[in-house]
Ligand code: B12
Ligand code: SF4
């Protein structure tokens, strides 16, 4: 009988339960599942009393694996690590994912964590399980850092390994029915990943530190096999793509879309990540295929309407590329979610100068959104205040300008995107950006009413919601039309309602 492996996906946000498939954990289970290991995956959408389930399962498990991004996942991940150590003193606790990949040593300083896997996890986790079973040291397993008698040992980094030789994602390890989400592109939508990495160099993104600007993609035929399995076996009708950059290999992207058509798949892709310039410059064939397969939406980093900001980010695009891209999406009927950020750390500037620059970035980005959003009422704008994420090129600039970096794993668990972290951005700017992004843009997006409305089951409540929603939409449109963002009483009321109603 093979050893038991326990895996945990903590919630990313203190206020919201995870709703999607714990994809990272399913991916690291590929080799182990093929080898017959007994794997238990725990996430809050799979079990109501998840910490009790973890406590019980830990008594008979050899390893607990925890996945974590920077932020709140660390908090619940630490709680689970403590619980398992109390239940079974021999269990090994292994952390992987984006945050441990950025700070393996700091993560290992925590007394409940024994091993960290940096970067791609499939093969490394399999090797760690084997060595733990054999009670052998973890030397020479690329990407592995571990602790022995209080001393930390580190192996060399692991490069991204091709995905084609890996066993398929073992969906049978979880109750997929509990991981289906209702989206604009399918009432049985699931999340899926077809590639890892990204060759670009955006200054706020940790891809270049973790994956070293490499990219590996599953062959088109195998992706289509997966999509066919999701449609035929799991009756999925929407797929939310979790690739960092789906379109890196255009030939592969075309192969996936044409393969879907050849096999007569009706499953719809949405949230497909791509870069504006690359797609604006792409030939007609990819656009025709996106339309023919009814691709619902593309997520893109438009980043800024201010060219200087785009240069600072090293985005390698022009504002005009964003506009050309929006026009093509309009031509082919594809919704876009445009993400932008303001308040960049520019070395050598005073706080007053940086606040002024932030104001210019906000103004230019509003101007750009005026045009981008005019092409389709479903387009969604997002504007964030720049938040320094570790392992990114712009992070050190932020530290030098006075950003106070968290110094321990526990401190990183309190780190959230939605709070003001940089001293040069004014409170007024924070209020303005959050009002535009989370309130005005939400009401301008004509899809919002559909997806929120569908979540409200009572007819009476839905009727009331529609009346209030339409009233607020008028206010938001007026504000956007006149670019008037003063006296934010309506926004404050909206925030109050949002805190009380989780479906907004
Ligand atoms: C889906 C997603 C989310 C989801 C939730 C994800 C979840 N885990 O529950 C939501 C929408 C909630 C989310 C939110 C945020 N996200 Co996000 N998100 C993603 C995204 C697009 C896909 C994640 C995924 O499933 N990938 C597919 C799996 C298979 O890959 P993987 O997670 O990397 O797993 C591999 C390895 O990391 C490793 N591994 C992972 N877990 C484990 C565990 C163990 C035990 C082991 C051994 C190995 C291991 O092995 C896996 C297979 O090789 C990634 C980008 C990306 N393509 O990964 C960004 C990404 C993870 N998000 C990021 C960020 C910045 C955020 C936000 C903070 C901001 C934002 N604008 O989105 C917020 C806030 C989160 C918070 N802390 O409150 C950053 C991470 C930065 C960081 N330092 O953590 C990423 C990398 C995007 C980027 N390039 O900047 N996100
Ligand atoms: S932001 Fe997007 S395009 Fe830029 S490096 Fe990260 S994943 Fe690649």
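In this note's numbering, the protein residues as written are 128 to 631.
Note that CB positions come from ideal geometry on N, CA and C, so glycine has one too.
Residues near residue i by beta carbon distance below 8 angstroms, same chain, minus five either side
| i | result |
| --- | --- |
| residue 129 | 162, 163, 164 and 165 |
| residue 191 | 133, 134, 135, 181, 185, 207, 208, 211, 218, 219, 220 and 221 |
Buried/exposed call for residue i, threshold 16 Cβ in 10 Å
| i | result |
| --- | --- |
| residue 104 | The requested residue 104 does not occur in the structure, where the chain is confined to residues 128 to 631. |
| residue 405 | buried |
| residue 232 | exposed |
| residue 241 | buried |
| residue 331 | buried |
| residue 360 | exposed |
| residue 384 | buried |
| residue 223 | buried |
| residue 448 | buried |
| residue 484 | buried |
| residue 389 | exposed |
| residue 595 | exposed |
| residue 279 | exposed |
| residue 171 | buried |
| residue 522 | buried |
| residue 410 | exposed |
| residue 472 | buried |
| residue 554 | exposed |
| residue 605 | exposed |
| residue 237 | buried |
| residue 460 | exposed |
| residue 578 | exposed |
Residues near residue i in its chain [Cβ-Cβ closer than 6 angstroms; skip 5 each side]
| i | result |
| --- | --- |
| residue 296 | 153 |
| residue 544 | 514 |
| residue 502 | 453 and 457 |
Whole-Å CB distance - residue i paired with residue j, under 8 angstroms assumed
| i | j | result |
| --- | --- | --- |
| residue 564 | residue 475 | That belief does not hold up - the Cβ atoms of residue 564 and residue 475 are roughly 29 angstroms apart, past 8 angstroms. |
| residue 226 | residue 189 | That belief does not hold up - the Cβ atoms of residue 226 and residue 189 are roughly 24 angstroms apart, past 8 angstroms. |
| residue 258 | residue 239 | That pair is no contact at about 20 angstroms. |
| residue 424 | residue 397 | 5 angstroms |
| residue 403 | residue 436 | The Cβ separation is near 15 angstroms, so there is no contact. |
Cut-off 7 angstroms between Cβ atoms - residues of its own chain near residue i, not counting five sequence neighbours on either side
| i | result |
| --- | --- |
| residue 463 | 424, 425, 427, 453, 456 and 506 |
| residue 302 | 173 |
| residue 283 | 269 |
| residue 228 | 245, 246 and 337 |
| residue 600 | 570 |
| residue 392 | 354, 355 and 358 |
| residue 291 | 345, 346 and 349 |
| residue 147 | 306, 308 and 318 |
(message) Across the segment 185–201 and the segment 133–148, are there enough close Cβ pairs to call them in contact, namely three or more that are closer than 8 angstroms?
(response) In the pairwise beta carbon analysis, the segment 185–201 is classified as touching the segment 133–148: at least three pairs are separated by under 8 angstroms.
(request) Check whether the segment 548–568 touches the segment 489–498, taking contact to mean three or more Cβ pairs, one atom from each stretch, closer than 8 angstroms. (result) Judged by Cβ distances under 8 angstroms, the segment 548–568 makes contact with the segment 489–498, as three or more pairs qualify.
(request) Answer yes if the segment 312–325 comes into contact with the segment 259–267, meaning at least three C-beta pairs across the two stretches below 8 angstroms, and no otherwise. (result) The segment 259–267, when compared against the segment 312–325, does not touch it at the 8 angstroms Cβ threshold.
(message) Would you call the segment 248–255 in contact with the segment 145–159, where contact means no fewer than 3 C-beta pairs closer than 8 angstroms?
(response) Under the three-pair Cβ rule at 8 angstroms, the segment 248–255 counts as touching the segment 145–159.
(request) Please determine if the segment 337–355 and the segment 320–329 are in contact, where contact requires at least 3 C-beta pairs separated by less than 8 angstroms. (result) At 8 angstroms Cβ cutoff, the stretches touch.
(request) Flag this pair as touching only if the segment 587–596 and the segment 548–557 have three or more C-beta atom pairs under 8 angstroms; answer yes or no. (result) Two segments are said to touch when three or more pairs of C-beta atoms, one from each, lie closer than 8 angstroms; by this definition the segment 587–596 does not touch the segment 548–557.
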